[in-house]
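Quick note, the sequences are listed as chains A and B, same order. Adding 618 to a residue's 1-based position in the first sequence gives its number in our numbering. Adding 117 to a residue's 1-based position in the second sequence gives its number in our numbering.
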Amino acid sequence: MSVATKPSIAVLNEPVHSGPVFAFAEISQTAETLDEVDDALKKVLATFGIGHFVLYQATDRARRPTGARIAGPMHKDWRKHYVDNGMANHDELLSWGLQSAAPTTWTKFSDEHEISGGQKLMFDEAKCFGLNDGFYLPIHQADGSMHGVSMMVPQKLESDSRILAALHLLALYYSIAANRLGLSPPEPPSPPEGSKGILTPRQRQCLQWVRAGKSSWEIGEILSLSEHTINEHLEEARKRLKVFTTTQAVIEAALRGLIHI
Amino acid sequence: MHVHIINTANRAQYLDEVEQMHRHRHRIFAEVMGWKALESPDRLDIDEFDTPNATYLVAIDNGVVRGSLRLIPSWRPHMLKTLFRDYVEGDPPSGPGIWEWTRHAPGDPSFSREINHQVRFLLNIAVYEFAASRGIESFIGIADCQIVPRMIDLGWKVDPIGLPVNYGEGVGYAFRMHVDHVNNDRLRARLGRDNTVLVEMPRGLVAEQGRMARRAVELAMDLPARKIGRAEEVLRELSTVDE
Chain A
619 MSVATKPSIA VLNEPVHSGP VFAFAEISQT AETLDEVDDA LKKVLATFGI
669 GHFVLYQATD RARRPTGARI AGPMHKDWRK HYVDNGMANH DELLSWGLQS
719 AAPTTWTKFS DEHEISGGQK LMFDEAKCFG LNDGFYLPIH QADGSMHGVS
769 MMVPQKLESD SRILAALHLL ALYYSIAANR LGLSPPEPPS PPEGSKGILT
819 PRQRQCLQWV RAGKSSWEIG EILSLSEHTI NEHLEEARKR LKVFTTTQAV
869 IEAALRGLIH I
Chain B
118 MHVHIINTAN RAQYLDEVEQ MHRHRHRIFA EVMGWKALES PDRLDIDEFD
168 TPNATYLVAI DNGVVRGSLR LIPSWRPHML KTLFRDYVEG DPPSGPGIWE
218 WTRHAPGDPS FSREINHQVR FLLNIAVYEF AASRGIESFI GIADCQIVPR
268 MIDLGWKVDP IGLPVNYGEG VGYAFRMHVD HVNNDRLRAR LGRDNTVLVE
318 MPRGLVAEQG RMARRAVELA MDLPARKIGR AEEVLRELST VDE
């Protein structure tokens, strides 16, 4: 008789061994690329039945929300649904994180806060993608910016369990690795006097990412916007800079001190 | 500003600073960080681990305490071994090269940015100098999860030895950090300071003598080369007084 593959709920109910979690802390402090760290985290999380996680920059140094994805194998369909519907703008978990430093889960958050109908719908919709719960940790950086680490879980997470403690440690060290490996998205400089208002902050941000070699689709992924919206920003930037191509726009913007070279 | 080693041997020379340190600790932990458990009507933070086993590294700026930390050898009673035994998976690390680092209180939001920056770096540099003087290979303790990114930013490698636990005032976990002296050079470079920061006064100096000796040591540590000649003259004069 063959042994059936255990569903992930069984995995979540097994005792949590701290060894692989501590080993991840080691890797996150010594690995040379974020890819290595990603792979290591994937392996540890797989033992908990978790396949999807994401690290994003929740706010920049001026505490403005960016939602820029920094790393992590996000659940592609859920992310598309989330981005296409502009959910980041209404996500109450994200705004709660601005004032909190504690980890939470979707279940715990729903129990402890009076969430809106929209938020409830969001959690319900996630279930249609097989994501029955999520772990979320806001991490406030010394420079005033904020990271958010989200892990999507196929089963409900028990509060105050060892698994939450393990996820907390993993998320913390994942953010530390992203800081150390310098993968925060480039922020355009503040425009010099006299050049203010030529481009919107969003247009400058898009050009900065083009400068970094990203395609419109990739920038859309990073900024949680659609590819179409990115193309519109770039087109408007070309118009305002009175140039024809995006390459010219990058050069022009750099010459005027609107983006980093 | 220098960081002074204060322990049972020389404590008598630092009675005022020791009291300032306990008051500063209360200010930081109970008032600034809001740790209810450490609130005390006399506004001094003193617990059962402030015993003759503890060594303090205290940043003193012209008689004013700007920050401090507490170090206890792992072979003496310490927090991880007694109070927070459950925070550690397996046996807590213990041995001659291991000390516990607790009550880390650098600066104060009411101090200037510059002073806080100095204190933050000086205390860490002092820890490396102290480690070198006592043969310490690693430190253990409990770190609040929010503080860990800053410890790592200061060049420490922070290895968890337990999972995060809610300790009442926040969430933290037991850690072990190996002492890598290369990082001390990096910290010195970042602070722009190349002289020694740590002062250890000998035991047994009486009040006025102790004060003078401290001033002399601090002066000598910061003495520019062009003043060394004059310092030698003064010393010669002092040492011949009673002949």
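Where is the CB? At the ideal position from N, CA and C, for every residue including glycine.
Euclidean distance between Cα positions of residue i and residue j
{"i": "proline 190 of chain B", "j": "asparagine 241 of chain B", "result": "18 angstroms"}
{"i": "histidine 121 of chain B", "j": "glutamate 136 of chain B", "result": "14 angstroms"}
{"i": "lysine 624 of chain A", "j": "alanine 147 of chain B", "result": "Bear in mind that the predicted position of lysine 624 of chain A carries a pLDDT of just 38, short of 50, making it unreliable; the figure below should be weighed with that in mind. Rounded to the nearest angstrom, the two C-alpha atoms are 49 angstroms apart."}
{"i": "glycine 258 of chain B", "j": "glycine 766 of chain A", "result": "26 angstroms"}
{"i": "asparagine 707 of chain A", "j": "threonine 665 of chain A", "result": "33 angstroms"}
{"i": "cysteine 824 of chain A", "j": "aspartate 261 of chain B", "result": "37 angstroms"}
{"i": "arginine 822 of chain A", "j": "aspartate 695 of chain A", "result": "28 angstroms"}
{"i": "valine 672 of chain A", "j": "valine 149 of chain B", "result": "33 angstroms"}
{"i": "glycine 762 of chain A", "j": "alanine 126 of chain B", "result": "43 angstroms"}
{"i": "alanine 337 of chain B", "j": "lysine 344 of chain B", "result": "10 angstroms"}
{"i": "histidine 786 of chain A", "j": "tyrosine 204 of chain B", "result": "15 angstroms"}
{"i": "arginine 681 of chain A", "j": "leucine 200 of chain B", "result": "39 angstroms"}
{"i": "glutamine 647 of chain A", "j": "arginine 798 of chain A", "result": "8 angstroms"}
{"i": "isoleucine 816 of chain A", "j": "glutamate 870 of chain A", "result": "12 angstroms"}
{"i": "valine 662 of chain A", "j": "serine 185 of chain B", "result": "38 angstroms"}
{"i": "arginine 140 of chain B", "j": "glutamine 130 of chain B", "result": "18 angstroms"}
{"i": "glutamine 866 of chain A", "j": "serine 834 of chain A", "result": "16 angstroms"}
{"i": "isoleucine 880 of chain A", "j": "proline 691 of chain A", "result": "Residue numbering for chain A in the displayed model covers 619 to 879; residue 880 of chain A lies beyond these limits and cannot be assessed."}
{"i": "proline 277 of chain B", "j": "arginine 144 of chain B", "result": "28 angstroms"}
{"i": "valine 868 of chain A", "j": "leucine 843 of chain A", "result": "20 angstroms"}
{"i": "leucine 317 of chain B", "j": "isoleucine 123 of chain B", "result": "The question names leucine, but residue 317 of chain B in the sequence shown is glutamate. Their backbone Cα atoms lie some 8 angstroms apart in a straight line."}
{"i": "tyrosine 173 of chain B", "j": "serine 713 of chain A", "result": "41 angstroms"}
Partner residues on chain A for residue i, Cβ-Cβ distance less than 8 angstroms
{"i": "leucine 186 of chain B", "result": "By Cβ distance, chain A contributes nothing, its closest Cβ being about 19 angstroms from leucine 186 of chain B, past 8 angstroms."}
{"i": "glutamate 254 of chain B", "result": "Chain A residues near glutamate 254 of chain B: none, gap ~17 angstroms exceeds 8 angstroms."}
{"i": "lysine 153 of chain B", "result": "The contacting residues do not exist; lysine 153 of chain B stays about 17 angstroms from chain A at best."}
Residue i classed as buried or exposed, judged by whether at least 16 other C-beta atoms fall within 10 angstroms
{"i": "lysine 726 of chain A", "result": "buried"}
{"i": "proline 756 of chain A", "result": "buried"}
{"i": "serine 607 of chain A", "result": "Here chain A has residues from 619 to 879 only, and residue 607 of chain A is not among them."}
{"i": "glutamine 675 of chain A", "result": "buried"}
{"i": "leucine 859 of chain A", "result": "buried"}
{"i": "histidine 846 of chain A", "result": "exposed"}
{"i": "valine 182 of chain B", "result": "buried"}
{"i": "glycine 90 of chain B", "result": "The requested residue 90 of chain B is not part of the displayed model; chain B covers only 118 to 360."}
{"i": "aspartate 709 of chain A", "result": "buried"}
{"i": "phenylalanine 642 of chain A", "result": "buried"}
{"i": "alanine 324 of chain B", "result": "exposed"}
{"i": "threonine 677 of chain A", "result": "buried"}
{"i": "arginine 347 of chain B", "result": "exposed"}
{"i": "proline 223 of chain B", "result": "buried"}
{"i": "methionine 329 of chain B", "result": "exposed"}
{"i": "lysine 639 of chain A", "result": "The amino acid at residue 639 of chain A is misidentified as lysine; the sequence shows valine. So valine 639 of chain A counts as buried."}
{"i": "aspartate 162 of chain B", "result": "buried"}
Residue i: contacting residues in chain B (beta-carbon distance under 7 angstroms)
{"i": "glutamine 717 of chain A", "result": "Going along chain B, no residue has its Cβ under 7 angstroms from glutamine 717 of chain A, so there is no contact; the nearest lies around 13 angstroms."}
{"i": "alanine 784 of chain A", "result": "Leu280"}
{"i": "serine 636 of chain A", "result": "Glu206, Leu280"}
Interface residues of chain A facing residue i [CB-CB closer than 7 angstroms]
{"i": "aspartate 225 of chain B", "result": "Simply none; closest approach about 17 angstroms."}
{"i": "aspartate 270 of chain B", "result": "Ala760"}
{"i": "aspartate 162 of chain B", "result": "Within chain A, no residue comes near aspartate 162 of chain B; the closest Cβ sits about 23 angstroms away, beyond 7 angstroms."}
{"i": "proline 277 of chain B", "result": "Phe640, Ala643, Leu787"}
Within chain B, partners of residue i - CB distance below 9 angstroms
{"i": "arginine 780 of chain A", "result": "Leu280"}
Under 9 angstroms by beta carbon: chain A residues contacting residue i
{"i": "aspartate 297 of chain B", "result": "Simply none; closest approach about 12 angstroms."}
{"i": "valine 334 of chain B", "result": "Ordered by position in chain A, no residue passes the 9 angstroms Cβ test against valine 334 of chain B, which lies about 34 angstroms from the chain."}
{"i": "lysine 344 of chain B", "result": "Result: empty, since nearest Cβ-Cβ is about 38 angstroms, beyond 9 angstroms."}
Minimum Cβ-Cβ distance from residue i to chain C less than 8 angstroms
{"i": "phenylalanine 741 of chain A", "result": "Included in the structure are the protein chains A and B, with no chain C among them."}
*Taking contact to mean at least 3 C-beta pairs separated by less than 8 angstroms, is the segment 260 to 271 of chain B in contact with the segment 243 to 252 of chain B?*
no
*Taking three-plus beta-carbon pairs below 8 angstroms as touching, is the segment 295 to 305 of chain B in contact with the segment 228 to 237 of chain B?*
no
*At a Cβ cut of 9 angstroms, what residues of the segment 788 to 800 of chain A count as close to chain B, listed as they run along the chain?*
Leu790, Tyr791, Ser793, Ile794, Asn797, Arg798
_Which residues of the segment 640 to 653 of chain A have a Cβ closer than 7 angstroms to any Cβ of chain B? Give them in chain order._
Phe640, Ala643, Glu644, Gln647
_Short of 9 angstroms Cβ to Cβ, which residues in the segment 714 to 739 of chain A face chain B?_
Ala719, Ala720, Pro721
*What residues from the segment 185 to 208 of chain B come within 8 angstroms of chain A, judged by C-beta to C-beta, listed N to C?*
Glu206
*Quick one: any contact between the segment 631 to 645 of chain A and the segment 748 to 755 of chain A, if contact means 3 or more CB pairs under 8 angstroms?*
no
*asked:* Pairs of beta-carbons, one from the segment 649 to 659 of chain A and one from the segment 726 to 736 of chain A, closer than 8 angstroms: are there three or more?
replied: no
_Cβ-based contacts, 8 angstroms cut-off: residues of the segment 257 to 269 of chain B near chain A_ = Cys262, Gln263, Val265, Pro266, Arg267, Ile269
*Does the segment 847 to 866 of chain A come within contact of the segment 778 to 793 of chain A, defined as at least 3 CB pairs closer than 8 angstroms?*
no
*asked:* Counting only Cβ-Cβ distances shorter than 9 angstroms, please list the residues of the segment 281 to 293 of chain B near chain A, keeping chain order.
replied: Pro281, Val282, Asn283, Gly287, Val288, Tyr290
*Do the segment 307 to 316 of chain B and the segment 278 to 290 of chain B touch if we need at least three Cβ pairs shorter than 8 angstroms?*
no
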